[in-house]
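The working numbering runs 1 ahead of the 1-based position in the sequence shown.
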Amino acid sequence: MERDLNVTDLELVEKVKSGDRRSFSELVKRHQRSVLRMSLRFVKDMDTAEDVTQEAFIKAYEKLNTFEGRSSFKSWLFQIAVNTARNKLREWKRDTVDIDDVQLAVDAEAETTLVHTAVSDILKNEVEKLPFKQKTALVLRVYEDLSFNEIADIMECPYDTAKANYRHALMKLRQTFEQQAELKNWTEEVGGFFLEVNQRFAEAEG
């Protein structure tokens with residue numbers, strides 16, 4: 002099928018519902034990279050993230066008739082992917098580790114552009130400790146740049162709850178940065194990141 006970028010996701014969904022299965026391939030092409038990236042934030046392992054992504058698209062295809070268009074297709078798809086990733090983490094919890102011990106994967110190149118190595122280690126460790134809902138809100142807002150309305154749809158919770166989870170996550174990160182005495186001599190680069198944390202906290206408070 003020739004790609005038509007002028008066709009919206011909702012129009013493609015309606016085509017699939019009408020029997021045009023090829024239109025779902027276009028939806029996969031549009032969103033597979035962002036779903037994979039988001040999944041990797043949770044499960045850390047690329048092979049597992051790919052499994053999560055594949056399962057999410059299969060579930061989305063199977064459940065497409067239940068999609069009513071009240072939210073965007075991307076939000077609906079992310080909701081499926083987050084739940085799928087969470088199920089994977091629960092499997093790991095039963096088999097090997099506690100869910101809160103599973104590390105959040107952060108793209109190395111993106112991370113080093115934000116913070117100094119020493120600070121990024123502290124940030125990573127603190128994010129790993131966050132409860133799943135707080136981690137989800139943080140990942141979707143900071144890394145995927147989604148709105149709180151979209152995050153609420155994905156997390157299947159009220160808007161205020163999504164924002165509260167995000168705020169609590171930032172609060173924990175900010176407290177850590179404020180309490181670490183050895184971080185007082187940050188570089189200008191790191192200071193810029195700390196300013197960003199404070200700006201995002203102000204956003205969550207607003």
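For glycine and all other residues, C-beta sits at the position ideal for the given N, C-alpha and C.
All values derive from a computational prediction rather than experimental measurement.
The straight-line gap separating the alpha-carbon atoms of E145 and I152 is approximately 10 Å. In this structure S148 is exposed. Its beta-carbon is surrounded by fewer than 16 other beta-carbon atoms within 10 angstroms.
At a Cβ-Cβ threshold of 9 Å, T49 and S40 count as neighbours. Judged by DSSP in its simplified three-state form, T9 adopts coil rather than helix or strand.
Rounded to the nearest angstrom, the gap between the Cα atoms of K45 and R38 is 10 Å. For F149, the uninterrupted alpha helix (DSSP H) run begins and ends at F149 to M156, by DSSP. In this structure the region 70-88 lies against the region 50-62, because at least three pairs of beta carbons, one per stretch, are closer than 8 Å. DSSP, read as helix, strand or coil, puts K134 in helix. Closest in alpha carbon position to N84, among W93, R71 and V53, is V53. Distance between F74 and M47, taken at the CA atoms: about 24 Å. Minimum Cα-Cα distance from L90 among the listed residues Q176, P132, R31 and N166 corresponds to P132.
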